[in-house]
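Asker: When you line the sequence shown up against our numbering, it's residues 11 to 317, in that order. From the three backbone atoms N, C-alpha and C, an ideal C-beta is built for every residue, glycine too. Every value quoted in this text rests on a predicted model; they were computed, and no experiment measured them. Take a look at this one; I'll ask things after.
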Amino acid sequence: MDSKELCVYIERIRNARKVSQELLTEDIVSLRQYRRYLNGTSDMPFDIFIKMIDKLGLKLSSVFTEMQKVHAEEYDYANRLYNYAVNYNYKSFDYLLNHKTFDVFIDRNNKLLYDFSLIIKKYYQKELSRDKTRELISGLIGYPKILKNEILTDIELLLLSFMIDVSNKPVQNKVVDRIFYIFKNKGIISGGNNRIIILIAAKLAKYFGIKEEFERVIDFCDIALQRNKAYKSYYLSEYFYYYKSLAYYRLKDLPSYEFSLKKCFNVLELDDNEMKMKKFEELINDDYNIDFKNYVIHRYLDEYSKK
11 MDSKELCVYI ERIRNARKVS QELLTEDIVS LRQYRRYLNG TSDMPFDIFI KMIDKLGLKL
71 SSVFTEMQKV HAEEYDYANR LYNYAVNYNY KSFDYLLNHK TFDVFIDRNN KLLYDFSLII
131 KKYYQKELSR DKTRELISGL IGYPKILKNE ILTDIELLLL SFMIDVSNKP VQNKVVDRIF
191 YIFKNKGIIS GGNNRIIILI AAKLAKYFGI KEEFERVIDF CDIALQRNKA YKSYYLSEYF
251 YYYKSLAYYR LKDLPSYEFS LKKCFNVLEL DDNEMKMKKF EELINDDYNI DFKNYVIHRY
311 LDEYSKK
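Dropping the structure here:
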């Protein structure tokens, strides 16, 4: 945890206990210097931190455990806002926003996700133009400098991937190339929500499908499926196998196309969601002019008869 995180945590406790900044800093450090710690322009020495938590009646042994809880609470709050925004649930978004129980975030990534959620909600409601949205997100993640980073957090990657939706082709290409590099070299720091990384891979697989870059569709699908295997998850796997089937079909690789369709069918059967199965049946029947279920069953029967 960095100095600023510690300062923000102290501020949260100070506010909750109704202790003024003047009283907290008295006989420890000047008020001006304390505010430099809060602004991140100066690092707070650990001995100063110890004196402050002691004045607030806290024990060092419990502080870091409590801070981890705060991190989790912040993430849950920001993630719920994000999900409300992307699902256009603006009523729940506004209610949650107006009932926030804290004023500052300890974790930078949680603050990024929070700010991003505010921006995309306005964008989806057409309160922000495409150009203004790109400008705001660029400011949040420090674009284009972020393209030089070898490692990104999952939240930074999420924001960077949204740049694809609001940028011109030259910027899109730069962003996509960097995201592919980060994925390929495993330069992602996960904040604990593995679904974010899988969701980004799905977004990029679809993006390359639209651009008819089918080899890259397969690349991102394979990356996501490998990560799902590591996570012991099937999240969006039916989509990845579906995207792969489309890519292989267009590349005229029929054995791989058939294999991907069978895998898609297997995941859907495992999920046992009637509505989702119906959706994919309609998609695949329309794409290939086949009866999805019968097609897969006949492929399995053909394999069995050859044994």
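Report the rounded CA-to-CA distance for K14 versus V39, giving the unit in angstroms.
Answerer: Here residue 14 corresponds to residue number 4 of the sequence shown, with the count starting at 1. Here residue 39 corresponds to residue number 29 of the sequence shown, with the count starting at 1. Going by the C-alpha atoms only, they are around 16 Å apart.
Asker: I believe Y217 touches I174 by the beta-carbon criterion, under 8 Å. Please report the beta-carbon distance rounded to the nearest angstrom.
Answerer: Within the sequence shown, the letter at position 207 stands for residue 217. Within the sequence shown, the letter at position 164 stands for residue 174. Right, their Cβ atoms sit about 6 Å apart.
Asker: Whole-angstrom Cβ separation of D319 and E84, contact assumed at under 8 Å?
Answerer: What is shown of the chain runs 11 to 317, which leaves residue 319 out entirely.
Asker: Spell out the partners DSSP gives L162 in its beta bridges.
Answerer: Against the sequence shown, residue 162 aligns to sequence position 152. I198.
Asker: For Y153, does the three-state DSSP call read helix, strand or coil?
Answerer: As a first step, residue 153 is located in the sequence shown; it is residue number 143 there, counting from the start. Three-state DSSP puts Y153 in coil, outside helix and strand.
Asker: Leaving out five residues on either side along the sequence, give the residues of the same chain with a beta carbon under 8 Å from the beta carbon of V176.
Answerer: Translated into positions along the sequence shown, residue 176 becomes position 166. Y133, R140, D141, T143, R144, I147.
Asker: Going by beta carbon distance, what residues of the same chain come within less than 8 Å of E248, once the five residues before and after it are set aside?
Answerer: Here the question's residue 248 lines up with position 238 in the sequence shown. So the qualifying residues of the chain are C274, V277, L278, D281, K286, F290.
Asker: Quick one: what does DSSP say I147 is sitting in, helix, strand or coil?
Answerer: In the sequence shown, counting from the first residue as 1, residue 147 sits at position 137. Residue state, collapsed to three classes: helix.
Asker: Out of curiosity, what's the CA-to-CA distance linking V96 and A257?
Answerer: On the sequence shown, position 86 is the one that residue 96 refers to. On the sequence shown, position 247 is the one that residue 257 refers to. Rounded to whole angstroms, V96 to A257 spans 27 Å at the Cα level.
Asker: Expressed to the nearest angstrom, what Euclidean distance is found between the alpha-carbon atoms of A240 and I206?
Answerer: The residue you call residue 240 lines up with position 230 of the sequence shown. The residue you call residue 206 lines up with position 196 of the sequence shown. If I take the Cα positions, the gap works out to 15 Å.
Asker: Suppose the cutoff is 6 Å on Cβ atoms and the five residues either side in sequence are ignored; what does the same chain contact list for R24 look like?
Answerer: Here the question's residue 24 lines up with position 14 in the sequence shown. These residues qualify, in order along the chain: L34.
Asker: Measuring alpha carbon to alpha carbon, tell me which of S243, Q135, I300 ends up nearest L271.
Answerer: Locating residue 271 in the sequence shown gives position 261, where the first residue counts as 1. Per the Cα distances, I300.
Asker: Using the three-state DSSP reduction, which class does I20 fall into: helix, strand or coil?
Answerer: The sequence position of residue 20 within the sequence shown is 10, counting from 1. I20 falls in the helix class under three-state DSSP.
Asker: For Y94, which residues from the same chain have a beta carbon less than 6 Å from its beta carbon, with the 5 sequence-adjacent residues on both sides left out?
Answerer: For this step, residue 94 is matched to residue 84 along the sequence shown. Same-chain partners within the cutoff: S102, F103.
Asker: Where does H109 land, buried or exposed, given buried means 16+ other C-beta within 10 angstroms?
Answerer: For the purposes of this step, residue 109 is identified with residue 99 of the sequence shown, where counting begins at 1. Classification for H109: exposed.
Asker: For the alpha helix (DSSP H) that R4 lies in, which residues bound it at each end?
Answerer: No answer is possible for residue 4: the residues shown for the chain start at 11 and end at 317.
Asker: What are the boundary residues of the alpha helix (DSSP H) that P265 is part of?
Answerer: Within the sequence shown, numbered from 1, the residue matching residue 265 stands at position 255. Start and end: 264 to 281.
Asker: Starting from the C-beta of R27, find all residues in its chain whose C-beta is less than 8 Å away, skip the five residues before and the five after it, and write them out in chain order.
Answerer: The residue given as residue 27 occupies position 17 in the sequence shown. Taken in chain order, the residues that qualify are L66, G67.
Asker: Do G197 and E160 count as a contact pair if the criterion is CB distance below 8 Å?
Answerer: Locating residue 160 in the sequence shown gives position 150, where the first residue counts as 1. Locating residue 197 in the sequence shown gives position 187, where the first residue counts as 1. Yes, Cβ-Cβ distance for E160 and G197 is below 8 Å.
Asker: Please determine, among L264, K303, I208, L162, the residue with the shortest C-alpha to C-alpha distance to L235.
Answerer: The residue given as residue 235 occupies position 225 in the sequence shown. The option with the nearest alpha carbon to L235 is I208.
Asker: Which value, in whole angstroms, describes the spacing of the CA atoms of R309 and F302?
Answerer: Residue mapping note: residue 309 aligns to position 299 of the sequence shown, counting from 1. Residue mapping note: residue 302 aligns to position 292 of the sequence shown, counting from 1. Cα-Cα distance, rounded: 11 Å.
Asker: Would R189 pass as a contact of L168 if the rule is Cβ separation under 8 Å?
Answerer: Along the sequence shown, one-based indexing puts residue 189 at 179. Along the sequence shown, one-based indexing puts residue 168 at 158. The sequence as given places Ile at residue 189; Arg does not occur at that position. No, the Cβ-Cβ distance between I189 and L168 is not below 8 Å.
Asker: Can you list, in chain order, the residues of its chain whose CB lies under 7 Å from that of I233, leaving out five sequence neighbours each side?
Answerer: In the sequence shown, counting from the first residue as 1, residue 233 sits at position 223. Hits under 7 Å: F193, A211.
Asker: DSSP three-state label for F115, please.
Answerer: Here residue 115 corresponds to residue number 105 of the sequence shown, with the count starting at 1. Reduced to three states, the DSSP call for F115 is coil.
Asker: If you reduce the DSSP assignment to three classes, tell me which class N97 lands in.
Answerer: By 1-based counting over the sequence shown, the position of residue 97 is 87. Three-state DSSP puts N97 in coil, outside helix and strand.
Asker: Which of helix, strand or coil does DSSP assign to G219?
Answerer: To locate residue 219, count along the sequence shown from 1; it is residue 209. The answer is helix: DSSP assigns G219 an H, G or I state.
Asker: Comparing C-alpha positions only, which one of L261, R237, T75 sits nearest to F250?
Answerer: Locating residue 250 in the sequence shown gives position 240, counting from the first residue. Of the listed residues, the one whose Cα sits closest to F250 is R237.
Asker: Excluding sequence positions up to five away, which residues of its chain have a Cβ less than 8 Å from the Cβ of F172?
Answerer: The residue you call residue 172 lines up with position 162 of the sequence shown. Closer than 8 Å at Cβ, skipping near neighbours: F126, I130, I147.
Asker: Tell me whether T51 counts as near the ligand ATP, meaning its Cβ is closer than 7 Å to at least one heavy atom of that ligand.
Answerer: Of the ligands one can find in the structure shown there are none, so the ligand ATP has no counterpart to examine.
Asker: Put Y44 into one of helix, strand or coil per three-state DSSP.
Answerer: Mapped onto the sequence shown, residue 44 falls at position 34. Residue state, collapsed to three classes: helix.
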